[in-house]
Amino acid sequence: MPLPLLPAVVTGQAERLILNLSLTFSQSRSAMAARAAMVVLVLGIVVSSAKAADVDMVFLKSAVSKGAVCLDGSPPVYHFSPGSGSGANNWVVHMEGGGWCRNADECSVRKGNFRGSSKFMRPLSFSGILGGIQKYNPDFYNWNRVKIRYCDGSSFTGDVETVETSTNLHYRGARVWNAIIEDLLARGMNKARNALLSGCSAGGLAAILHCDRFRDLLPATAKVKCFSDAGYFVDGKDITGNNFVRTFYKDVVNLHGSAKNLPASCTSKLSPEMCFFPQNVVPTLRTPLFILNAAYDAWQIKNVLAPSAADKKKNWAQCKLDIKSCSSSQLTTLQNFRTDFLAALPKPGQSPPSLSMFIDSCYAHCQSGSQDTWLAEDSPTVEKMQIGRAVGDWYHDREVSRRIDCPYPCNPTCKNRDDD
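Reminder that position 347 of the sequence shown reads as 340 in this note's numbering, one-by-one numbering, no gaps.
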């Protein structure tokens, strides 16, 4: 039986070790058997050593007295890996995703897991944009790397003082964000030379909504930019012609008291729920932004285009699980969704300075947190450019680009899956 394929970082080390070991053995049957056993042992050692270590969790207990808490009242959490060398004064702050809750029932469900309570959070390892190996994250590997855990259900925008006694729900996402950023500033981010606010999904939306605020909290001399992965949720109609997601966002904003924490540059012109849509916020930003998104965003296909409420007969069930299972008429609908998505992207002249885009034609959601989609030998590419390199080139002013992929199924490098 052939050995399973291993990541390049593993196989490269294993091959060198095996080669060295092979020189010490003869080719007799007994020696070959010993060699085979040694190969298995070496592979086990290398795989074990290649596994990224868990990153320390910081339970911000001091935030509780400020009311900066998860839905269940538990303290907020972030993971922190300190920078070193040339990256000692540089910071990448990445916000976790995980959808939203729009009513007490939905938020109560989240209280019973890590989406609403830090009691259920566990250590995790960093990879992708937070990875610590130079080869696989050359532009950010030695920066101070932070992952803010998401436990409020409002993209860090909520702030309701009253706590319902019947549910004990705390809608305090904005307070959580403020408390964690304040703690990071005290850790040394107040002396940052370079900083990147990033996030995936609901965290990617938060990276847009909090972008200018983040810029204003850091030193004026620092280079500060924002990066949104799978956070460009569009104001589109579902398959029945209804504005399902617009109603959904209105409920989220009202429940969490989000209006006062959304960008005033948008809410001064539009109703608060409309300022949950990046297409209405991005043109007002002052801070450079990079938009990474799949044109066939898996989450948006499932929840904006064909939500369960609009697909009661579950005609889209298989298509939503696997784009290859979509019928010809469903594929036509998906192509129309892509057209509408591209039309909602900011146009030249109405966008923030140094706006870059990487819009691939994958059926995916969140592509910066996993090494195989961020920067690896077989990572997705657009115009022969990988995501990790495109983001690094943009941040360091080596290139500002607007890469928009051809329509599905033209890109063979895609990894079609739904990661959040």
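Note that the Cβ used here is the ideal one computed from N, Cα and C, for glycine as well.
Query                                                                                                                        : Result
Selected residue, minimal CA-CA separation from residue 195, among 171, 220, 177, 78                                         : 220
The region 201 to 212 contacting the region 112 to 132, beta-carbon criterion three pairs below 8 Å                          : no
Residues near residue 141 in its chain [Cβ-Cβ closer than 6 Å; skip 5 each side]                                             : 71, 88, 173
Segments assigned alpha helix (DSSP H), at least 4 residues, entirely inside the region 284 to 328                           : 310 to 314
Straight-line Cα distance separating residue 197 from residue 101                                                            : 23 Å
Spatial distance of residue 95 from residue 85 (CA atoms)                                                                    : 30 Å
Counterpart residues of residue 282 in DSSP-defined beta bridges                                                             : 219
Identified DSSP bridge partners for residue 52                                                                               : 70
Cβ-heavy atom distance, residue 238 to the ligand NAD, below 7 Å                                                             : As far as ligands go, the structure on display features none, and thus does not contain the ligand NAD.
Rounded separation between residue 204 and residue 278 - CA only                                                             : 8 Å
Identity of the residue in 170, 395, 379 nearest residue 408 by Cα                                                           : 379
Exposed unless 16 or more other CB atoms sit within 10 angstroms - verdict on residue 343                                    : exposed
Close Cβ partners of residue 111 (< 8 Å) along its chain, the five nearest in sequence each way excluded                     : 52, 63, 67, 68, 69, 70, 142, 144
Whole-angstrom distance between residue 175 and residue 56, CA atom to CA atom                                               : 10 Å
Distance, residue 396 Cα to residue 238 Cα                                                                                   : 27 Å
3-residue-minimum beta strand (DSSP E) runs that sit fully inside the region 88 to 164, ordered along the chain              : 137 to 141
Residue 155 and residue 167 closer than 8 Å at C-beta                                                                        : no
Cβ contact (3+ pairs, closer than 8 Å) linking the region 371 to 388 and the region 350 to 360                               : yes
Cβ-based neighbour list, residue 267, same chain, cut-off 6 Å, excluding 5 preceding and 5 following                         : 273
Where residue 2 falls: helix, strand or coil (DSSP)                                                                          : Bear in mind that a pLDDT of 37 at residue 2, under 50, signals an unreliable position, so the number given afterwards is only what the model happens to contain. Helix, per DSSP.
Inter-residue spacing [alpha-carbon to alpha-carbon] between residue 81 and residue 214                                      : 16 Å
Reference residue 393, options 384, 253, 193, closest by Cα                                                                  : 384
Cross-strand partners of residue 374 (DSSP beta bridge)                                                                      : 379
Neighbourhood of residue 312 by C-beta distance below 6 Å, restricted to the same chain and skipping five residues each side : 318, 319, 323
Rounded C-alpha distance that separates residue 306 from residue 202                                                         : 36 Å
Beta-carbon spacing of residue 223, residue 292 below 8 Å                                                                    : yes
Among 199, 249, 118, nearest to residue 47 - alpha-carbon criterion                                                          : 118
Cβ neighbour criterion (16 or more within 10 Å) applied to residue 314                                                       : exposed
Residue 393 (DSSP reduced to helix, strand or coil)                                                                          : coil
Element boundaries [alpha helix (DSSP H), containing residue 192]                                                            : Careful: residue 192 lies outside any alpha helix (DSSP H), inside the beta strand (DSSP E) at 187 to 193.
Where residue 254 falls, given that 16 or more other Cβ within 10 Å makes a residue buried                                   : buried
Among 366, 131, 386, nearest to residue 406 - alpha-carbon criterion                                                         : 366
Cβ shell of residue 362 (< 6 Å), same chain only, five flanking positions each side left out                                 : 121, 193
Same chain, Cβ closer than 6 Å to residue 368, neighbours up to 5 away in sequence not counted                               : 129, 379, 381
For residue 274: DSSP bridge partner residues                                                                                : Paired residue(s): none; residue 274 is not in a bridge.
Spatial distance of residue 169 from residue 280 (CA atoms)                                                                  : 22 Å
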